Amino acid sequence: MNTNAFSYLLPGTGSHVASWWNDLFSFVMWISIFFFVLLIGITLAFVYKYHHKKVDKVIDSHGNTSLEILWTIVPTILVLFIFAWGWLVYKKMHRPPAGSFEVRVIGQQWRWKFAYNNGKNTVGELIVPVGKRIKLLMTSEDVIHSFFIPDMRVKQDVVPGLYTALWFEAIKPGEHVIYCSEYCGGLHSNMLATLKVLPQDEWLEWWRTQEKTERDLSIPPEKRGEGLAAKYACMSCHSVDGSSLIGPSFRNLFGRTEKLTSGKSALVDEDYIRNKILKPNSDGVVGYPQVMPSFQGQISEEEIMDIIAFIKSLKD
Amino acid sequence: MYSDTTADQEEKNNYLNHSKGIKSWLTSLDHKRIGVMYLFSILIFFLVGGIFALIVRTELWGPTKTFIDANTYNQAFTYHGTIMTFMVILPLIPSAIGNIILPMQLGAKDVAFPRLNLISYYVYMSGALLAVVTLFVGRVDTGWTFYTPYSIRTGGATILVLAGAFLMGFAAILTALNFIVTVHKLRAPGLTWSKLPLFIWCLYATNIIQMLATPVIALTLMLLTFERLMGIGIFDATLGGDPVLFQHFFWFYSHPAVYIMILPAMGIINEVIPVFSRKTIFGYGGMAVAVFGIALVSFVVWGHHMFTSGQSETANFIFSLITMFVAVPTGIKMFGWIATMYQGSIRLDTPMLYALSFLFVFLVGGLTGVFLATLPLNVHLTDTYFVVAHFHYTMVGGAIMAFLAGLHYWYPKFVGKMYLEIPARIGCVLTFVGFNVTFLPQFVMGIRGLPRRYYDYPPEFTQLNQVSTVGSFLIAFGLLWTFLFLIISAYKGPKAPRNPWGANTLEWQTSSPPYHENFETQPIVTKGPYDYHS
Numbered sequence: 000m001n002t003n004a005f006s007y008l009l010p011g012t013g014s015h016v017a018s019w020w021n022d023l024f025s026f027v028m029w030i031s032i033f034f035f036v037l038l039i040g041i042t043l044a045f046v047y048k049y050h051h052k053k054v055d056k057v058i059d060s061h062g063n064t065s066l067e068i069l070w071t072i073v074p075t076i077l078v079l080f081i082f083a084w085g086w087l088v089y090k091k092m093h094r095p096p097a098g099s100f101e102v103r104v105i106g107q108q109w110r111w112k113f114a115y116n117n118g119k120n121t122v123g124e125l126i127v128p129v130g131k132r133i134k135l136l137m138t139s140e141d142v143i144h145s146f147f148i149p150d151m152r153v154k155q156d157v158v159p160g161l162y163t164a165l166w167f168e169a170i171k172p173g174e175h176v177i178y179c180s181e182y183c184g185g186l187h188s189n190m191l192a193t194l195k196v197l198p199q200d201e202w203l204e205w206w207r208t209q210e211k212t213e214r215d216l217s218i219p220p221e222k223r224g225e226g227l228a229a230k231y232a233c234m235s236c237h238s239v240d241g242s243s244l245i246g247p248s249f250r251n252l253f254g255r256t257e258k259l260t261s262g263k264s265a266l267v268d269e270d271y272i273r274n275k276i277l278k279p280n281s282d283g284v285v286g287y288p289q290v291m292p293s294f295q296g297q298i299s300e301e302e303i304m305d306i307i308a309f310i311k312s313l314k315d
Numbered sequence: 000m001y002s003d004t005t006a007d008q009e010e011k012n013n014y015l016n017h018s019k020g021i022k023s024w025l026t027s028l029d030h031k032r033i034g035v036m037y038l039f040s041i042l043i044f045f046l047v048g049g050i051f052a053l054i055v056r057t058e059l060w061g062p063t064k065t066f067i068d069a070n071t072y073n074q075a076f077t078y079h080g081t082i083m084t085f086m087v088i089l090p091l092i093p094s095a096i097g098n099i100i101l102p103m104q105l106g107a108k109d110v111a112f113p114r115l116n117l118i119s120y121y122v123y124m125s126g127a128l129l130a131v132v133t134l135f136v137g138r139v140d141t142g143w144t145f146y147t148p149y150s151i152r153t154g155g156a157t158i159l160v161l162a163g164a165f166l167m168g169f170a171a172i173l174t175a176l177n178f179i180v181t182v183h184k185l186r187a188p189g190l191t192w193s194k195l196p197l198f199i200w201c202l203y204a205t206n207i208i209q210m211l212a213t214p215v216i217a218l219t220l221m222l223l224t225f226e227r228l229m230g231i232g233i234f235d236a237t238l239g240g241d242p243v244l245f246q247h248f249f250w251f252y253s254h255p256a257v258y259i260m261i262l263p264a265m266g267i268i269n270e271v272i273p274v275f276s277r278k279t280i281f282g283y284g285g286m287a288v289a290v291f292g293i294a295l296v297s298f299v300v301w302g303h304h305m306f307t308s309g310q311s312e313t314a315n316f317i318f319s320l321i322t323m324f325v326a327v328p329t330g331i332k333m334f335g336w337i338a339t340m341y342q343g344s345i346r347l348d349t350p351m352l353y354a355l356s357f358l359f360v361f362l363v364g365g366l367t368g369v370f371l372a373t374l375p376l377n378v379h380l381t382d383t384y385f386v387v388a389h390f391h392y393t394m395v396g397g398a399i400m401a402f403l404a405g406l407h408y409w410y411p412k413f414v415g416k417m418y419l420e421i422p423a424r425i426g427c428v429l430t431f432v433g434f435n436v437t438f439l440p441q442f443v444m445g446i447r448g449l450p451r452r453y454y455d456y457p458p459e460f461t462q463l464n465q466v467s468t469v470g471s472f473l474i475a476f477g478l479l480w481t482f483l484f485l486i487i488s489a490y491k492g493p494k495a496p497r498n499p500w501g502a503n504t505l506e507w508q509t510s511s512p513p514y515h516e517n518f519e520t521q522p523i524v525t526k527g528p529y530d531y532h533s
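Chains A and B, in that order, are what the protein sequence lines are.
If you're matching positions, the first sequence starts at 0 in numbering that gives the first Met the number 0 and goes up one per residue.
If you're matching positions, the second sequence starts at 0 in numbering that gives the first Met the number 0 and goes up one per residue.
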């Protein structure tokens, strides 16, 4: 499907919109190459031919009206043609077709959360079936983000206080990267997600499976905690190797005394961690921005216990 | 040709020797001295902005951490962008070169309001220092675009930078007003509008944009300051405001600002190409009209920065369509420059080499602009490295190459010495090669989808990033080389004659360097600015 002359420049082509995009891109590319070669070629030829050592007499002229009219009209027609072609592709790219399958997207410094109609939720992973039109209804909890799937050639800013939408239809199963492309501070470049396109039957199976609510008791709590920390994207801001990111590192955190912005200090114990997960910005740690989202209502008490066990285990 | 006594007179009365001491410079009302002060101040900021560029490029040598953390990286690209746009490229050609050359090309003794000229320099400097001082008190990480609501929420000394940009805008308005009045009132006898050098036309168009657009950014920055201080709720959605409104305000100024940067650059190219081709500029009228065409259109295309912001389809339709028309006058200029060389007698001195480099990079900048004007292509390419490469091709490739063309072209007039030709040509080649090595790979990264302002990136982009980083150091080397030899030339260069290039415009009729009040006697204009053969 990718018979494009410039395919080595392009990202993957994951939808029909993307291949229409490729055609338009190639056209503008060929026009550009034509004019570039023409103009630079003429310039170099002039520099060579009319170099002062080769020229006895300059033939001065003040202009040439028909030439000037020509190079006004030809570019005008060309750009209007490109505009019209662009508009046709844009309409298809931008207007979600009726009857699309809806997923709600919430952007938050620095993760993408997805909510599906049957109550399923995912973080950092958008799971959709192949060959189905997907419409994303998006908003932000804090600053402006931008939802960008290069392989689908779609991008839409995600704005607090506003719903924006974006649609795509994947033509084959596979994985595609999702970027945040509007600068949103500290870990902007880590605000990635994966678009997982599953074959219809596999997707249906995923869709119908209830998330395991009971904990897998066969593995130790700190292992469960590690999985949960990944699920809730804790490690976007808290490292496990001792380096400071947006928040304090988890390594050697438990049992330490932290200085708080109120001037008090606090021992990091089980209660401290639980409080920080549920009400993170009531009294922040000195030296770190107070930007952590609250997990109140999203995380169960058992899960908090597992995460505490995980943090406890990170000791040198 | 001149007797010794005339030479002595020239030496004693030129603007550099007219009065001595640092105070005589700092309080000078001479437009040439004020221009020189602008030039040195701006070049120092250029160095600072350049160091930040190298910090950014060095950090991007590999994915994840190379030598600084994410927050420092975000500050580095913020300072790079803020310094380079507000403190360097916006004032570079108008306030530095324009200040020196504009009155002389008009055959005037000075600008219309010399005191206002000096005031605007100090207003600019206070703004610039206010912005730079934040490096030591608080730092800023908003990006040079200050998008809300991030710029409302983030910490740091954002307000100081906003106030600095506000003051620098004020200085730009004062300079623009001064130049406009000067062009209207102080033209030499015989210098009719149709005989004005195109450099003046370009500065004049630039000044009109500065006067009309700068107040908008001033108000926007003020609203943002109030928002930060008092939470008045203009841009913050949680207080009933609209964050996208900020983008409309910001680009309503910042798109015309792009043309504040590029029109004076085009003005320099308009001077250099005819002189070094010994030919009249091709289609003087069309060239002048094209400049005003670009200036006019620049006010009604701001929405093309916001195709993915959530603005309406109707707005996207209109802005994309109008943006397409920018290509037309830009094309006219490009074709006109090339046609000027036809059947001429071309000399490849350094200013002409820079002008040819300008044609090359500006053509790439212009053509990639057509990609970005095309709606669906823009949706994919916006906020990626493609945009970064595109605006560096226009802003750096365009404005800086043209500035260097002008700096070498007028160097004999500024300093009274010729620059050293061979090292200058080498500097041009180094900068040109470095520039393309830096920014061509960024087009590829952008097309493949890598967003801009990314501290960390997928490993597949490592090689392209490394090529780009090598290129950035080559630019730095080329520029340092160039400026080093310009400094050496001031001491070792041969004495410059009045008119080393055989140009027609008035600044070449006075001594090099010019007298304190520019001309011995009032010059009178009888022929066109590019009329070399009558």
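We treat Cβ as the ideally placed atom computed from N, Cα and C, and that holds for glycine.
This one's a predicted model, so the numbers in the text were calculated from it and none came from an experiment.
Contacts with chain A at 8 Å (Cβ-Cβ) include S308 of chain B. Taking the beta carbon of K278 of chain B as reference, the chain A residues within 7 Å of it are V57, D59, listed in sequence order.
The CB of W20 of chain A comes closer than 8 Å to the CB of P375, L376, H379 in chain B, given here in chain order. Around the beta-carbon of W29 of chain A, fewer than 16 other beta-carbon atoms lie within 10 Å, marking it exposed. Collapsing the DSSP output to three states places S23 of chain B in a helix. The criterion of a C-beta distance shorter than 8 Å is not satisfied by T213 of chain B and G154 of chain B. For P493 of chain B, no beta strand (DSSP E) encloses it, and the DSSP letter there is neither H nor E. Residue B:A475 holds the alpha-carbon nearest to the alpha-carbon of I54 of chain B among B:Y490, B:D530, B:A475, B:G527. Scanning chain A for C-beta atoms nearer than 7 Å to the C-beta of R346 of chain B yields H51, reported in chain order.
Taken through DSSP and simplified to helix, strand or coil, T383 of chain B comes out as strand. Note: L165 of chain A is bridge-paired with A:L135 in the DSSP secondary-structure output.
Around T174 of chain B, the same chain offers S94, S119 as residues with beta carbons nearer than 6 Å, after the five sequence neighbours per side are excluded. Excluding the 5 residues flanking it on each side, K131 of chain A has same chain C-beta neighbours closer than 6 Å at F100, in chain order.
Taking every protein chain shown into account, the CB of A287 of chain B has 16 or more other CB atoms within 10 angstroms, so this residue is buried. Assignment of E181 of chain A by DSSP, reduced to helix, strand and coil, places it in the coil class. Within its own chain, the residues whose Cβ lies closer than 7 Å to the Cβ of R277 of chain B, once the five positions on either side in sequence are excluded, are G343, S344, Y531, listed in chain order.
The segment 300-311 of chain A makes contact with the segment 265-282 of chain A; the number of CB pairs closer than 8 Å reaches 3 or more. In summary, no residue of the segment 243-255 of chain A has a CB separated from any CB of chain B by less than 7 Å. Here R227 of chain B carries a helix assignment [DSSP, helix/strand/coil]. Within chain A, I39 have C-beta atoms less than 7 Å from the C-beta of F359 of chain B, given in sequence order.
DSSP places V16 of chain A in the uninterrupted alpha helix (DSSP H) bounded by 15-48. When 8 Å is used as the limit between beta carbons, M400 of chain B is near no residue of chain A, the shortest such separation being about 14 Å.
When only Cα atoms are considered, Y121 of chain B and L403 of chain B end up about 25 Å apart. Approximately 4 Å separates the beta-carbon atoms of Y149 of chain B and V142 of chain A; this is inside 8 Å, confirming the contact.
The beta carbon of V360 of chain B is closer than 7 Å to those of Y392, G396, G397, M400, F434 in its chain, skipping five residues each way along the sequence.
DSSP places S264 of chain A in the uninterrupted beta strand (DSSP E) bounded by 264-266. The three-state secondary structure of V395 of chain B, taken from DSSP, is helix.
Exposure of I523 of chain B is indicated by the presence of fewer than 16 other C-beta atoms within 10 angstroms of its C-beta. Listed along chain B is no residue with a C-beta nearer than 7 Å to that of V102 of chain A; the closest approach is about 18 Å. By the Cβ-count criterion, I92 of chain B is buried, with 16 or more other Cβ atoms from all chains shown falling within 10 Å of its own Cβ.
Closest option to N116 of chain A, judged by alpha-carbon separation, among A:V104, A:I76, A:K278, A:G123: A:V104. Using beta-carbon distances, L366 of chain B counts as an interface residue toward chain A, with a partner under 8 Å. In the three-state reduction of the DSSP assignment, Y146 of chain B falls in the coil class. Between Y392 of chain B and chain A, the shortest Cβ-Cβ separation is not below 8 Å. Inside the segment 307-384 of chain B, DSSP marks whole alpha helix (DSSP H) runs of 4 or more residues at positions 312-340, 349-372, 374-380, from first to last along the chain. Shown here is that no member of the segment 295-315 of chain A has a Cβ falling below 8 Å from a Cβ of chain B.
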